[in-house]
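So that you can map any letter, position 349 of the sequence shown is 381 in the working numbering, and since no number is skipped, the others follow by simple counting. Cβ coordinates follow ideal geometry from the N, Cα and C atoms, glycine included. Working notes, beginning with the structure itself.
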Amino acid sequence: MDQIVSLCRRRGFVFPSSEIYGGLGSTYDYGHYGVLAKNNIRNRWFEAMVQERDDIVAIDSAIILHPRVWEASGHVEGFTDPLVDCRTCKLRFRADKLEDAQCGRKPSKHPGETPDCDLTEPRQFNLMFETHVGPVQDTASRAFLRPETAQGIFINLKNVLQIARRKPAVGIAQVGKSFRNEITPGNFLFRVREFEQMEMEFFVPPDEAERWYRYWIDERMGWYRRYGLRESKLRVREHSEEERSHYSRGTSDIEYDYPIGWSELEGVANRGDFDLTQHTQFSGTKLEYVGEGGERYVPCVIEPAVSIERILVAMLVDAYDEEIVAERQRTVLRLHPQIAPVKAAILPLVAKDSEMVARARALYEELRLLHMVEYDDGGAIGRRYRRQDEIGTPFAFTIDDQTLADDTITVRDRDSLAQERISLSAAADYLADALARPWQTPKPA
Ligand code: ATP
Numbered sequence: 033m034d035q036i037v038s039l040c041r042r043r044g045f046v047f048p049s050s051e052i053y054g055g056l057g058s059t060y061d062y063g064h065y066g067v068l069a070k071n072n073i074r075n076r077w078f079e080a081m082v083q084e085r086d087d088i089v090a091i092d093s094a095i096i097l098h099p100r101v102w103e104a105s106g107h108v109e110g111f112t113d114p115l116v117d118c119r120t121c122k123l124r125f126r127a128d129k130l131e132d133a134q135c136g137r138k139p140s141k142h143p144g145e146t147p148d149c150d151l152t153e154p155r156q157f158n159l160m161f162e163t164h165v166g167p168v169q170d171t172a173s174r175a176f177l178r179p180e181t182a183q184g185i186f187i188n189l190k191n192v193l194q195i196a197r198r199k200p201a202v203g204i205a206q207v208g209k210s211f212r213n214e215i216t217p218g219n220f221l222f223r224v225r226e227f228e229q230m231e232m233e234f235f236v237p238p239d240e241a242e243r244w245y246r247y248w249i250d251e252r253m254g255w256y257r258r259y260g261l262r263e264s265k266l267r268v269r270e271h272s273e274e275e276r277s278h279y280s281r282g283t284s285d286i287e288y289d290y291p292i293g294w295s296e297l298e299g300v301a302n303r304g305d306f307d308l309t310q311h312t313q314f315s316g317t318k319l320e321y322v323g324e325g326g327e328r329y330v331p332c333v334i335e336p337a338v339s340i341e342r343i344l345v346a347m348l349v350d351a352y353d354e355e356i357v358a359e360r361q362r363t364v365l366r367l368h369p370q371i372a373p374v375k376a377a378i379l380p381l382v383a384k385d386s387e388m389v390a391r392a393r394a395l396y397e398e399l400r401l402l403h404m405v406e407y408d409d410g411g412a413i414g415r416r417y418r419r420q421d422e423i424g425t426p427f428a429f430t431i432d433d434q435t436l437a438d439d440t441i442t443v444r445d446r447d448s449l450a451q452e453r454i455s456l457s458a459a460a461d462y463l464a465d466a467l468a469r470p471w472q473t474p475k476p477a
C-alpha cells in the first residue's frame, strides 16, 4: 500500500487534502491522472449498468434530502458503529475493529492490549454528518449529508416508473458523493469520510428476488474480470444471518485481497421490500407497482453498491508491478487500457528535430480529438517511456528518422515491450481497435 500511496503522490493521482494547512486526516484531493482514472471507472460502470442494457435508467438525486428520509430508512436510529474511547491516549476506536487499530502509546499493539490501555464501554456513534438548511440553526432545520445514494433512488421510484413506463424487473442507477463520519478512516482511499458511490437499485417481483440476487453477484464479478482484476484476488463472501443488516434477506460481499487482507470491495444485497414499505409508511405515498390489469405489489430490491475509491485502490494494487528491464528497474501500472488515464503517448525521438516534432504534434492533435493522449518531448526516450509506464499508458507512438523517410512510426506495447512499425496514417485506427479488444491480463495469477 505504501508503494501505491507514494506513486499516487509522486505522479499526481492523489494528494492529501488541505496539505498547506497541515492536512485533514484521511481526506484526499485528486490530481489530473486520478481524475482521469476515476472518470474511466465511472464510465465503464455506467456503460455496463445503463448504456448496454434496456432495463436500467439513470438518476441524480440531491445530496441533502428531506430529513424524514433518514428516519424512514432507519439511519437516524441505527446507522451507528460501536465506539470506544481510551482514557489514557485519548484516541477513539471502532469497538468491532480493534484488531485493525494501533494503540496510541504502543503502535505495535492493538488498543486494549497493554496494561496502560483504559478503554470505555462501547457506545453507539451515528455516522451521518449533520448540517442545517437555511439561516436558523435549530432542530427544525437539521438535515444530513447522505451516507448512501440508495435512498435518493427509492423516493423517486414513482416518478421513474411513470415516466419511463417500465415494469419490474427495472433498475435505477446513481453515481454521486456519499459522506460517512467514519470513526477510524484509513488505509489510503479504502475508508474515507467522503467518497463517490455507484449504486443500482433493481426492483423485481418478490418471487424473482433470489434469482436476481444471484444474477447481480455474477454480473458484478464479471465486470471486475472484464477490467482485469486477477481471479485469485477476487472472491464472494456471503454474510451469515447474524452479520446481515436488519433489512437484508441476503448479502454478499465481493472481496478483494487488498494489502490489508481480504476486504469488502462491493456489496450485493437483497433488501427485500423494506425500503419501499418504510417510505410508503413515512411519506403516505404508495411506492408500489400497479400493472395494466390492476395487479399491484411492492417490488423487492436487489442492490449492487460500491465506491469508485475501493475500485481504484483494487485496480492500482492489482496493476502495480516492478521489474528489471535491461538492467534497470521499471515501475509499471498494468491497468486495463480502458481504465488507464492516458491511452497513448506521442513521442518525437529527437526533441530538437523540428520535422519530427511537427509530425508528432500533428499526430497528437489528431488523436486528442478521439482519446486522452499525451505529447512528451522532454528528456531521453527511455525516461519518457518509463514515465508513461508508471502511469499505465498502454501504447507509445514514436516518430523517428524512418518516419520522415516512409511515413511509418513505432508502436511500443507497455506490457510486452514489443515494438512494431505501422503506418502513421493508421495510428488512429490502431488505437481504436486496441482499446476495443478484450484485454488479457499479463499479470501473474
Ligand atoms: P464497511 O463494512 O467496509 O464499512 P459497509 O458494509 O458499511 O462497508 P456499504 O454500506 O455496504 O458498506 O456501502 C457500499 C459500498 O460503498 C461498499 O462496498 C464500499 O465499496 C463503499 N464504501 C462504504 N463506506 C466507504 C468508505 N468509508 N470509503 C470508501 N468507500 C466506502
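- Taking 7 Å as the cut-off, the C-beta of L297 counts as close to a heavy atom of ligand 1.
- Judged by their CB atoms, S50 and V224 are not nearer to each other than the 8 Å cut-off.
- Separation of F111 and N188 (C-alpha to C-alpha, rounded to the nearest whole angstrom) is 22 Å.
- Beta-bridge analysis with DSSP links A175 to T163.
- Between V207 and E228, the CB-CB gap stays under 8 Å.
- Distance from the Cα of W294 is smallest, within the candidate group I340, R281, V349 and R246, for V349.
- Secondary structure note for G304: it is in no alpha helix (DSSP H), and the uninterrupted beta strand (DSSP E) holding it is G293 to G304.
- Each of Y62, I286 and L261 was checked against the Cα of E270, and the nearest Cα belongs to I286.
- With at least 16 other beta carbons inside 10 angstroms of its own, Q310 counts as buried.
- Contact annotation: A376 and H403 have beta-carbon atoms nearer than 8 Å.
- Y329 and N191 have their alpha carbons spaced roughly 17 Å apart.
- For R444, DSSP records a beta bridge to A428 and Q451.
- Pairing I423 with R100, the inter-Cα distance amounts to about 45 Å.
- One Cα belongs to L436, the other to D132, and the distance between them is close to 60 Å.
- In this structure, the beta-carbon distance from F176 to F161 falls below 8 Å.
- Going by DSSP, Q206 is part of the beta strand (DSSP E) stretching over V202 to F211.
- With a cut-off of 7 Å, the C-beta of E270 is classified as distant from ligand 1, since no heavy atom of the ligand falls inside that distance.
- Rounded to the nearest whole angstrom, the C-alpha separation of R276 and R419 is 46 Å.
- Contact between the segment 206-222 and the segment 146-164 is established, with three or more Cβ pairs separated by less than 8 Å.
- With a cut-off of 8 Å on Cβ pairs, the segment 333-349 is in contact with the segment 246-260, counting three or more such pairs.
- Ranked by Cα distance from E324, the options L193, R43 and Q35 are led by L193.
- Judged by beta-carbon spacing, L395 lies beyond the 8 Å limit of A428, meaning their Cβ atoms are not closer than that value.
- Shortest gap from the CB of A205 to any heavy atom of ligand 1: 7 Å or more.
- In this structure, V333 lies near E233, with their beta-carbon atoms less than 8 Å apart.
- Between D432 and the set E341, W248, S386 and H107, the nearest pair of CA atoms involves S386.
- In this structure A182 is in contact with E231, their Cβ atoms being roughly 5 Å apart against a cut-off of 8 Å.
- By the Cβ rule, the segment 116-125 counts as touching the segment 141-149, because three or more pairs are nearer than 8 Å.
- Counting only the Cα atoms, A351 lies some 8 Å from K475.
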